[in-house]
Amino acid sequence: MTASEEIGAAAAEKESASLIVPATSSSALLDARYWLELSPWRISAAWSLAAAALAAGIGEVIRSVSPQLIVLLFLLVDPLWGNIWGGLTASEALPRIRQSVLRRRPWIPYLSSGSPAARLFGQEGAGVHSILARAWLPGVAVAFVVAFAIGPPAVWTTLVVLCVSVGNWIQRHVPVFPTSVLHSLVIVAGPWILGLEIFGLDPWSGYHWAIVLLWTVHAWGGNRCLEEPNAHGGLWGAYWAMGLAQFGVALLLIVGQVPLPLTALGVLWLATWLTIYRGLPLVNIQFSWTAGMLISAAAIAQATF
24 MTASEEIGAA
34 AAEKESASLI
44 VPATSSSALL
54 DARYWLELSP
64 WRISAAWSLA
74 AAALAAGIGE
84 VIRSVSPQLI
94 VLLFLLVDPL
104 WGNIWGGLTA
114 SEALPRIRQS
124 VLRRRPWIPY
134 LSSGSPAARL
144 FGQEGAGVHS
154 ILARAWLPGV
164 AVAFVVAFAI
174 GPPAVWTTLV
184 VLCVSVGNWI
194 QRHVPVFPTS
204 VLHSLVIVAG
214 PWILGLEIFG
224 LDPWSGYHWA
234 IVLLWTVHAW
244 GGNRCLEEPN
254 AHGGLWGAYW
264 AMGLAQFGVA
274 LLLIVGQVPL
284 PLTALGVLWL
294 ATWLTIYRGL
304 PLVNIQFSWT
314 AGMLISAAAI
324 AQATF
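Take the sequence shown: its letters are residues 24 to 328, numbered as in my numbering.
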């Protein structure tokens, strides 16, 4: 064996050793790990669920809904729905599935080298399809298991979130709706409507649907500004969306005879427009949007329409 062949063999052996996954690296069949991504104070599914609880009356929710159900709701709308959305929107951000890069000799004919099944299950390398099969589909299955434990409204809403996420994946190839529009449905409309149904209110009665719609529009405008901070000429639509949403919320509280919270909302919303006027990044004032959403949701619980 020549020197170059020996070096190549040593490199191959070293690479093979690096692919070995320790048996003690995980104790679970489904290895689910969670972390804080971006700012925890931005508008997200968890805060929208909290807004639904405030809109339904936090005291009534505590009396009528068990803590176990509230925990299941949080797990469903935030980490599990987040996995459904993120797995199709940014699959490259998923943790690398180390087992999928192991070159194993197939033990059944259907996993022969080059077959579709081999590519799907990672026998041909860590492609996007193998990552989705190993990291995304199990999360979808767990989401539906949790939804079944909560009840039919959770199952139907989870199915809608799945369809919206698949639709977003399709529109990346055939643009139809902006991603920010679909994202606002997943982080605001879905959790808020499901929360109202579980907490014993009809989200389509009264003016609950109106405040959900307004904050969904606001979330779309905010996401658009955060994604394209330098597109000043193309952000007027997003600015108008946030402005009209804030005006609509203020009008809703006035009609509902709860104008007092408008003082706090005015201060929070002023931060947005001062930041835009000064040309500063809106990422630093996201907490004001979340606080405004929670305050207005609590005010709606006291409104008399």
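Cβ atoms here follow ideal geometry from the backbone N, Cα and C, with glycine treated the same way.
Compute the Euclidean distance between the alpha carbons of Pro304 and Ile66, then round it to the nearest angstrom. 16 Å
Please classify Asn191 as buried or exposed, where buried requires at least 16 neighbouring CB atoms within 10 angstroms. buried
CA-to-CA distance, Leu185 to Thr202, given in whole angstroms: 14 Å
Can the beta-carbon of Gly271 be found less than 8 Å from the beta-carbon of Leu237? yes
Under 8 Å Cβ to Cβ from Ile234, same chain only, skipping five residues before and after it: list those, please. Ala78, Val272, Leu275, Ser319, Ala320, Ile323
Helix, strand or coil for Glu83? Go by DSSP, reduced to three states. helix
With 16 other Cβ atoms within 10 Å as the buried cut-off, status of Ile277: exposed
What residue from Leu96, Asn246, Thr112, Leu217 has the CA that sits closest to Ile193's CA? Thr112
Where the alpha helix (DSSP H) through Pro175 begins and ends: 175-194
Drop a sphere of 10 angstroms on the beta-carbon of Val197, count the other beta-carbons inside from all chains shown, and report buried for 16 or more, exposed for fewer. exposed
Can you have a look at Leu208 and say buried or exposed, based on whether 16 or more other CB atoms are within 10 angstroms of its CB? buried
Can the beta-carbon of Gly3 be found closer than 8 Å to that of Leu72? The requested residue 3 does not occur in the structure, where the chain is confined to residues 24 to 328.
Just to confirm, are Val264 and Trp243 a CB contact at a threshold of 8 Å? A small fix is needed here, since residue 264 is Ala in this sequence, not Val. Yes, the pair counts as a contact, with Cβ atoms nearer than the cut-off.
Quick one: using the 10 Å Cβ neighbour count with 16 as the cut-off for buried, is Asp101 buried or exposed? buried
Residues near His241 by beta carbon distance below 6 Å, same chain, minus five either side: Met265, Ala268
Taking the alpha-carbon positions, what's the Gln309 to Cys248 distance? 11 Å
Under a three-way DSSP split, which group does Gln309 fall into? helix
Please identify the residue among Leu96, Tyr57, Trp64, Leu92 whose C-alpha is closest to the C-alpha of Trp215. Leu96
Spatial distance of Pro226 from Ala75 (CA atoms): 10 Å
Quick one: residues in its chain with C-beta nearer than 6 Å to the C-beta of Leu224, no 5 flanking neighbours on either side, listed in chain order? Ala79
Just the Cα atoms here: how many angstroms apart are Thr298 and Ala164? 42 Å
Taking the alpha helix (DSSP H) that Val240 falls in, what are its first and last residues? 231-250
Option in Arg86, Pro90, Ala166 with minimal Cα separation from Leu53: Ala166
Express the C-alpha separation of Gly302 and Val169 in angstroms, rounding to a whole number. 44 Å
Taking only three categories from DSSP, how would you classify Trp130? Confidence at Trp130 is low in this model, with a pLDDT of 48, below 50, so the placement of that residue is unreliable and no value is reported for it.
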